[in-house]
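For the sequence shown, this note's numbering gives the first residue as 661, with consecutive numbering after it. Using N, Cα and C, we set each Cβ at its ideal position, and we do this for glycine too. Here the structure is a predicted model, which means the values were calculated and not measured.
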Amino acid sequence: WDGICGFEARDGLLLPLRLPEERVATTLSANFARLARLPVGARFAVRTDADRLLLELAAEPGDGPLDVLVDGRLAHRRRPAAGGVGRLAVALPGEPAEVEVWLPQLSRTWLGPVGFHGHRMLEPVRRDGPRWVAYGSSLTHAMYPYGPSESWVSLIARRYGWRLRNLGFAGEAYLDPLVARVVRDTPADLVTLEIGTNAYLRGAFTARSWGPAVCGFVETIRDAQPDAEIAVVAALPSVEREEAVNAAGLTLAGIRELTGDAVRVLQGLGDTRLHLIDGREVLPLAEAEEVYVDGLHPTPEGEYRLADRIGPILRSLLHS
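Written out as structure tokens, the structure is:
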């Protein structure tokens, strides 16, 4: 398995977990707890000559499909039946191939026995690429991709062979200490922090509190990740929100500037592996309406544009 820290077992089924279940309560947020149990980026891969993949799944109602990739290409996209345990069968080549299953990112999905029909060969695929932990809002979580393997973070990881741990939490990227400690304790070559949008939308931080919160989050990670490249992606643009003042007296542009200030302070204190990616450099304001469904979340094609823009930047950080 990739992208998870463990499982919760119930009635012979397993729920992949992105965060330690016993620590999630420290956020004091029922919505965060719900999101933490969604298998965003959870996947497993085997090499097999089976002619059919058999899955037992129990999925809650949601809008996200499950993806099956064969040798890196999408072979099947299915929506698990909601409620109760359902069985899903998909055809495989019947000759040696890498088979990878990406679970839905928008619905809690319990997994039962996994079967490979007619196989003589079955072995786990072991990844050895760079380890990437991606933290962020719904933009990292992904609301409207074609499927879980086609969010911008998934696309980048697949293109470059990176081992992705997706810690995107839609509407809940508030720099929770729990998440900082999880990222700190997860071995990584690259960490991305896509932040600022949720802080602006909910008015959760003031001009006084946001910058120090960013510094504290980054420094917690850095305490145990001295060699990781950390890239802070500061608030992708939104036409309606750039200059609109929120309940805390901040604009989205102001949040972005404060985020940059925090990064520059830490760089000035000697963090040479900390990088700032201005959201406007990734997505110019003039393009935002083309990329978003609703002024905030990317369309399926928008996910590809973000991957095309952000991927090379991140790759250059790892190879610098």
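#### Entry: Same chain only: Cβ atoms within 8 Å of G746, ignoring 5 sequence neighbours per side
As a first step, residue 746 must be located in the sequence shown, where it is residue number 86. For G746, where only same-chain residues beyond five positions count, the Cβ hits under 8 Å are E716, L717, A718, A719, P740.
### Message
Please state whether the Cβ-Cβ distance between A894 and I937 is less than 8 Å.
### Response
For the purposes of this step, residue 894 is taken as the residue at position 234 of the sequence shown. For the purposes of this step, residue 937 is taken as the residue at position 277 of the sequence shown. A contact, by the Cβ cut-off of 8 Å.
#### Entry: Beta-carbon separation (whole angstroms), R678 vs A696, contact threshold 8 Å
Start at 1 with the first residue of the sequence shown, and residue 678 comes out as number 18. Start at 1 with the first residue of the sequence shown, and residue 696 comes out as number 36. Indeed they touch by this definition, with Cβ atoms about 6 Å apart.
### Proximity below 8 Å, CB of S811 to CB of P805
Residue 811 sits at position 151 when you count from the first residue of the sequence shown. Residue 805 sits at position 145 when you count from the first residue of the sequence shown. Cβ distance < 8 Å, so S811 and P805 count as in contact.
### Query
Can you give the Cα-Cα distance for P897 and H779, rounded to whole angstroms?
Here residue 897 corresponds to residue number 237 of the sequence shown, with the count starting at 1. Here residue 779 corresponds to residue number 119 of the sequence shown, with the count starting at 1. So the alpha carbons of these two residues sit roughly 49 Å apart.
### Task
Please name the residue in E832, G744, A751 whose C-alpha comes closest to that of A693.
Here residue 693 corresponds to residue number 33 of the sequence shown, with the count starting at 1. With distances taken between Cα atoms, A693 lies closest to E832.
### Query
By how many angstroms is the C-alpha of S976 removed from the C-alpha of A603?
Examination of residue 603 is not possible in this model, given that the chain is present from 661 through 980 alone.
### Task
Can you grab the Cα-Cα spacing for the pair R862 / G914, in whole Å?
For the purposes of this step, residue 862 is taken as the residue at position 202 of the sequence shown. For the purposes of this step, residue 914 is taken as the residue at position 254 of the sequence shown. In a straight line, the C-alpha of R862 is about 14 Å away from that of G914.
### Exposure label - G955; buried when at least 16 CB within 10 Å
Residue numbering aside, residue 955 sits at position 295 when the sequence shown is read from its first letter. With fewer than 16 Cβ atoms within 10 Å of its Cβ, G955 is classed as exposed.
### Contiguous beta strand (DSSP E) assignments of at least 3 residues, all confined to the segment 730–792
733–738, 746–751, 757–762, 769–777, 782–784
### Query
So which of L824, P847, F865 has the shortest CA-CA distance to L974?
For this step, residue 974 is matched to residue 314 along the sequence shown. Answer by Cα proximity: L824.
### Query
With DSSP run on the structure shown, which of helix, strand or coil describes R975?
Residue 975 sits at position 315 when you count from the first residue of the sequence shown. It is helical.
### Query
D723: buried (16+ other C-beta within 10 angstroms of its C-beta) or exposed?
Reading the sequence shown from its first residue, position 63 is the one you call residue 723. Exposed: under 16 other Cβ atoms inside 10 Å.
#### Entry: Touch test, the segment 867–876 against the segment 922–931, Cβ-Cβ under 8 Å, three pairs minimum
yes
### Task
Below 8 Å on the Cβ atoms is my guess for V684 versus V728; work out the distance and round it to an integer in Å.
If you number the sequence shown from 1, residue 684 lands on position 24. If you number the sequence shown from 1, residue 728 lands on position 68. Going by Cβ atoms, the distance from V684 to V728 rounds to 29 Å, so no, they are not a contact pair.
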